[in-house]
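Trainee: According to the numbering used here, the sequence shown is numbered sequentially starting from 1.
Using N, Cα and C, we set each Cβ at its ideal position, and we do this for glycine too.
Remember, predicted model here, so these are calculated numbers, not experimental data.
I am attaching a structure below and will ask some questions about it afterwards.
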Amino acid sequence: KSGKTMSVRPLLPSDEIAHRNFLYSLEERTIYLRFFHNIDVFNRQMAQKHWANLDYRKNISMIGVVRNKGDKQIMAMGTYAEVDSDTAEIAFLVHEDFQGMGVASYLLQELEKIALCNGYRQFIATVLTENTAMLRVFKKRYPEARISNMEGEIEIRMDFTESNSTSG
């Protein structure tokens, strides 16, 4: 929507510095909505733990990259991680400058394609009740999603057979 071009690819270990720069560029509120608490330091150990779990089948992170003054910069990340043989948990982070432009919806659609190829049948997500934008993204793609309210959080189960393939 902004006219910028975003390329999407898997997150790689060579992205460590760009990944940490991306996390540090986010506003405190964005961090809170994704991690459910504030994080002041994104240290190397956190990044290495994340990469240690990536196997590009059971655990994958896709990033959105844009050009900024000649440099490539991460502006979004979508991740899924296996819960069981049918289900993967999904989460997103989109830089504030790119929120509301369909980035998370696009990443969700791409991650669903990958998850289907890897044998998953549904995504699950836990979202803070105040994160209405992310709830809209999920409900748009999965209008039949099963929603459970917990204390301050919403769990959403999204079956791929119920996805709205015309959205995103």
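Counting pairs of Cβ atoms below 8 Å between the stretch 9-20 and the stretch 61-68, do you hit three or more?
Mentor: yes
Trainee: Where do the N-terminal and C-terminal ends of the beta strand (DSSP E) with VAL103 fall, by residue?
Mentor: Locating residue 103 in the sequence shown gives position 103, where the first residue counts as 1. From DSSP, VAL103 is part of no beta strand (DSSP E) but of the alpha helix (DSSP H) over 103-117.
Trainee: Does the beta-carbon distance from ALA133 to PHE98 come in below 9 Å?
Mentor: In the sequence shown, the residue the question calls residue 133 occupies position 133. In the sequence shown, the residue the question calls residue 98 occupies position 98. Contact flag unset, no.
Trainee: Mind the definition here: the stretch 105-113 touches the stretch 26-37 only if three or more C-beta pairs lie below 8 Å; say whether that holds.
Mentor: Too few Cβ pairs lie closer than 8 Å, so no.
Trainee: Using only the alpha-carbon positions, how far apart do LYS4 and ARG67 sit?
Mentor: On the sequence shown, position 4 is the one that residue 4 refers to. On the sequence shown, position 67 is the one that residue 67 refers to. Taking the straight line joining both Cα atoms gives about 8 Å.
Trainee: Classify ILE156: buried if its beta carbon has 16 or more other beta carbons within 10 angstroms, exposed otherwise.
Mentor: Translated into positions along the sequence shown, residue 156 becomes position 156. Classification for ILE156: buried.
Trainee: Can you tell me whether THR79 is buried or exposed, with buried defined as 16 or more other CB within 10 angstroms of its CB?
Mentor: By one-based count along the sequence shown, residue 79 stands at place 79. By the 10 Å Cβ count, THR79 comes out buried.
Trainee: For HIS183, which residues from the same chain have a beta carbon less than 6 Å from its beta carbon, with the 5 sequence-adjacent residues on both sides left out?
Mentor: Any property of residue 183 remains undetermined from this structure, which presents the chain solely from 1 to 168.
Trainee: Given a threshold of 16 other Cβ atoms within 10 Å of its Cβ, counted over all protein chains shown, does ILE17 qualify as buried or as exposed?
Mentor: Reading the sequence shown from its first residue, position 17 is the one you call residue 17. ILE17 is exposed by the Cβ-count criterion.
Trainee: Looking at the structure shown, is PRO10 part of a helix, part of a strand, or coil, going by DSSP?
Mentor: For the purposes of this step, residue 10 is identified with residue 10 of the sequence shown, where counting begins at 1. The answer is strand: DSSP assigns PRO10 an E or B state.
Trainee: Output the distance between the C-alpha atoms of PHE22 and TYR56, rounded to the nearest integer angstrom.
Mentor: If you number the sequence shown from 1, residue 22 lands on position 22. If you number the sequence shown from 1, residue 56 lands on position 56. Straight-line Cα distance between these residues: approximately 21 Å.
Trainee: How far does the alpha helix (DSSP H) with LYS58 in it reach, from first residue to last?
Mentor: Taking the first residue of the sequence shown as position 1, residue 58 is located at position 58. Looking at the DSSP string, LYS58 is not in any alpha helix (DSSP H), and its letter there is neither H nor E.
Trainee: For LEU135 and ASP40, I'd like the C-alpha separation in whole angstroms.
Mentor: To locate residue 135, count along the sequence shown from 1; it is residue 135. To locate residue 40, count along the sequence shown from 1; it is residue 40. Distance between the alpha carbons of LEU135 and ASP40 is about 26 Å.
Trainee: Who are the near neighbours of PHE138 in its chain, counting only those whose CB is closer than 7 Å to its CB and skipping five residues on each side?
Mentor: As a position in the sequence shown, residue 138 is number 138, starting the count at 1. Excluding sequence neighbours, PHE138 sits near ALA125, ALA145, ILE156 and MET158.
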